[in-house]
Amino acid sequence: MSDKTIWDKLQNVDRRVFYWILFVGLAVPFMFPLGLPVAVTPPTQGLYSGLRKLQAGDVVALSINSGVSAWGDCLPAMVASVTQVLRQDAKLVIWSVGYVDCDITYREIVNRVPEFKSKTYGVDWVYFGYCPGQESNVALLRDNIRGLYTKDIQGTPTGDIPMMKNINGAKDIAMVLTSDTGDVQVYYRNQWGPTKSSRDNFGAVKYPVAEIGIAMNLSGDMSFFLSGDLFGLTGGSRGGAEMEKLVGIKGDGTITMDSINVSHLLVIGAIILTNVSYLLTRGKKR
Amino acid sequence: MITNVAAYPTDILGITGLWAGLLLMLFIYSYPLWKENPLYRFAEHTFVALAMAIAIGVNLDALNKVAFYPLVSEGALLMIIPIILGLMIYLLLVPQYRWISRYPVAILVGSSIGLGMAGQLLPNIVSQIINTITPPKVGVAAFDWFNFVYIAIGLICVTMYFLLTYEHTGPVKPVTQFGRYFIMLALGAYFGNTVLFRFSMLASRAQFLLQVLKIIPM
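From first to last, the protein sequence lines stand for chains A and B. Our numbering puts the first residue of the first sequence at 1, with every later residue one more than the last. Our numbering puts the first residue of the second sequence at 1001, with every later residue one more than the last.
Here's what the structure looks like:
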């Protein structure tokens, strides 16, 4: 008979067992929602407050720089933000300098935001699609949108789109919302920064940029929110759930949060269990 | 409260797309949840091939819109320059003319650094320093003051940890050690958020699986 205790066995559990537990643990809360409360954090509140200040006719640029793989993190906050922008009767210019699959994300946003139904394409919003070039594109968009996007996604020359008649650069756009898995918000801050006339207390010129980022970006970009370089910031599905709460919609962010919470509890449990088993068996002859 | 989610597709193309996505996802997950197998490899190769095909198509389309179309239709002759520079990069594949490819690469790197440097100073250095040394306003919550002191101490300790012009001994030692703890705390937060992102991706896949199987609404 083996003299191995349960603690010995725990240290040798196949990692696939934990993967299965995790996958099932993530799936179950979708079927049986727990409805755990979501508290709104200052960065998300900053984004919502910024959107609430929009006047009818203001133009907002939505830069889709996250791929389909980051939908879980970015899509809920994008949908909630676009909903609020349209409720304010503001206009949307949508493009991407980061991901080739932005068309799918754009379609999904349009499908999920019912406010689009009462708006007219070309008058209230326009979509230009993806153009490779990253930071150099952002620099060009600051002064000459038509230099980069000669046509919209439907093939209409940019100059012929009613909404774009008086819009050709950062000075015509009230704010930028960038969904981000990387550094694109940095490009907007760097390249569009010196174009607005509003100055903060220290004379620094800051263009209103908000980031709808993946959770991974949150720690690093929080310093830019605290310094006022970003007026708003959402991190991951948690940020999406917070935005949905503020905007008053129940979307994927809210639905996913229970699952995320359960997964975290599972991981915390696993960390405690494995550490306890390690400490209890440490020094034992193998 | 308005429920704001998409609906289950009703057309054949939409349903086929959903099931193709689900099957390919399960093929990929068969690797971590079971072991490497032909289905996993099929899905992996399909993904790489599709991603490459889409990237080539989209980039050629963008090149057409930005350079070829203005050159041919609008007579923007300057567009010849980026097209030639782009073609020059392909000389990397011809050994005797490989040196020519260094010129467009040099221009690319130079222009990227120039563009990046121009805007870096204000948001990434000046703004951060101002924010770090500015105390919270009178009457704000005690937690803001705690944050201010915490960040100030952390900044000094971590900066001293990375200054290697002196030996980390004597009175400097506890400060640099404290700096190391601050770095570990920051890296822990980064790692935690990275794990959160991965879980979020996994959660959305679990949700997708249940939606396609119509166990939960789409």
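By construction, the Cβ of each residue, glycine as well, lies at the ideal position given by its N, Cα and C atoms. Remember, predicted model here, so these are calculated numbers, not experimental data.
Three-state secondary structure assigned by DSSP to residue i
| i | result |
| --- | --- |
| residue 157 of chain A | strand |
| residue 1034 of chain B | coil |
| residue 1101 of chain B | helix |
| residue 92 of chain A | strand |
| residue 1134 of chain B | coil |
| residue 228 of chain A | coil |
| residue 1051 of chain B | helix |
| residue 106 of chain A | helix |
| residue 1024 of chain B | helix |
| residue 68 of chain A | helix |
| residue 1082 of chain B | helix |
| residue 54 of chain A | coil |
| residue 38 of chain A | coil |
| residue 1091 of chain B | helix |
| residue 15 of chain A | helix |
| residue 1173 of chain B | helix |
| residue 254 of chain A | helix |
| residue 198 of chain A | In this prediction, residue 198 of chain A has a pLDDT of 44, which is less than 50 and means its spatial position is unreliable; nothing more can be read from the coordinates. |
| residue 146 of chain A | helix |
| residue 6 of chain A | helix |
| residue 1110 of chain B | helix |
Distance between residue j and residue i (C-alpha atoms, nearest Å)
| i | j | result |
| --- | --- | --- |
| residue 172 of chain A | residue 121 of chain A | 19 Å |
| residue 101 of chain A | residue 210 of chain A | 22 Å |
| residue 116 of chain A | residue 163 of chain A | 15 Å |
| residue 61 of chain A | residue 161 of chain A | 16 Å |
| residue 1037 of chain B | residue 1031 of chain B | 7 Å |
| residue 1139 of chain B | residue 181 of chain A | 37 Å |
| residue 203 of chain A | residue 1121 of chain B | Only weak support exists for where residue 203 of chain A lies, its pLDDT of 47 falling under 50; the coordinates are left without a value. |
| residue 30 of chain A | residue 1164 of chain B | 52 Å |
| residue 1190 of chain B | residue 45 of chain A | 22 Å |
| residue 1077 of chain B | residue 1085 of chain B | 14 Å |
| residue 141 of chain A | residue 207 of chain A | 14 Å |
| residue 32 of chain A | residue 112 of chain A | 23 Å |
| residue 11 of chain A | residue 1196 of chain B | 24 Å |
| residue 1214 of chain B | residue 1208 of chain B | 10 Å |
| residue 1010 of chain B | residue 1016 of chain B | 10 Å |
| residue 41 of chain A | residue 239 of chain A | 8 Å |
| residue 1183 of chain B | residue 1024 of chain B | 40 Å |
| residue 1034 of chain B | residue 1044 of chain B | 15 Å |
| residue 1108 of chain B | residue 1061 of chain B | 21 Å |
| residue 189 of chain A | residue 1123 of chain B | 7 Å |
| residue 155 of chain A | residue 1063 of chain B | 15 Å |
| residue 1202 of chain B | residue 26 of chain A | 8 Å |
| residue 199 of chain A | residue 1100 of chain B | Residue placement at residue 199 of chain A is poorly supported in this model, since its pLDDT is 42, which falls under 50; the coordinates still yield a value, given next. Taking the straight line joining both Cα atoms gives about 46 Å. |
| residue 68 of chain A | residue 261 of chain A | 22 Å |
| residue 196 of chain A | residue 89 of chain A | Residue placement at residue 196 of chain A is flagged as unreliable, the pLDDT there being 48, under the threshold of 50; a coordinate-derived value is accordingly withheld. |
| residue 245 of chain A | residue 251 of chain A | 9 Å |
| residue 1048 of chain B | residue 105 of chain A | 20 Å |
Chain B contact residues for residue i, given Cβ-Cβ distances below 7 Å
| i | result |
| --- | --- |
| residue 132 of chain A | 1059 and 1062 |
| residue 19 of chain A | 1032 and 1033 |
Proximal chain B residues relative to residue i, where beta-carbon distance stays under 8 Å
| i | result |
| --- | --- |
| residue 175 of chain A | In chain order: nothing, as chain B lies at least about 16 Å away. |
| residue 263 of chain A | 1199, 1202 and 1203 |
Residues bridged to residue i (per DSSP)
| i | result |
| --- | --- |
| residue 178 of chain A | A/63 and A/211 |
| residue 234 of chain A | A/212 |
| residue 125 of chain A | A/92 and A/121 |
| residue 151 of chain A | A/157 |
| residue 130 of chain A | A/96 |
Contacts that residue i makes with chain A (C-beta to C-beta distance below 8 Å)
| i | result |
| --- | --- |
| residue 1194 of chain B | 215 and 216 |
| residue 1111 of chain B | 136 |
| residue 1131 of chain B | 223, 226, 227 and 228 |
| residue 1101 of chain B | The contacting residues do not exist; residue 1101 of chain B stays about 19 Å from chain A at best. |
| residue 1220 of chain B | The first residue shown for chain B is 1001 and the last is 1218, placing residue 1220 of chain B beyond what the model contains. |
Supposed close pair residue i, residue j - CB separation, criterion 8 Å
| i | j | result |
| --- | --- | --- |
| residue 241 of chain A | residue 232 of chain A | The Cβ separation is near 15 Å, so there is no contact. |
| residue 135 of chain A | residue 1116 of chain B | 6 Å |
| residue 258 of chain A | residue 36 of chain A | 6 Å |
| residue 97 of chain A | residue 65 of chain A | 6 Å |
| residue 76 of chain A | residue 263 of chain A | Contact doesn't hold; Cβ gap of about 17 Å is too wide. |
| residue 129 of chain A | residue 1119 of chain B | Between residue 1119 of chain B and residue 129 of chain A the Cβ distance is about 25 Å, and since that is not below 8 Å, they are no contact. |
| residue 167 of chain A | residue 59 of chain A | 6 Å |
| residue 47 of chain A | residue 81 of chain A | 7 Å |
| residue 215 of chain A | residue 1200 of chain B | 6 Å |
Partners in chain A for residue i, counting only beta-carbon separations shorter than 7 Å
| i | result |
| --- | --- |
| residue 1146 of chain B | Going along chain A, no residue has its Cβ under 7 Å from residue 1146 of chain B, so there is no contact; the nearest lies around 14 Å. |
| residue 1065 of chain B | 150 and 151 |
| residue 1070 of chain B | 150 |
Beta-carbon neighbours of residue i, restricted to chain B and to distances below 9 Å
| i | result |
| --- | --- |
| residue 98 of chain A | Under the 9 Å cutoff, chain B gives no residues; its nearest Cβ is about 12 Å from residue 98 of chain A. |
| residue 56 of chain A | Going along chain B, no residue has its Cβ under 9 Å from residue 56 of chain A, so there is no contact; the nearest lies around 21 Å. |
| residue 256 of chain A | 1200, 1203, 1204 and 1207 |
| residue 31 of chain A | 1210, 1215 and 1216 |
Contact set between residue i and chain A, taken where Cβ atoms lie within less than 9 Å
| i | result |
| --- | --- |
| residue 1054 of chain B | 100 and 101 |
| residue 1189 of chain B | 218 and 219 |
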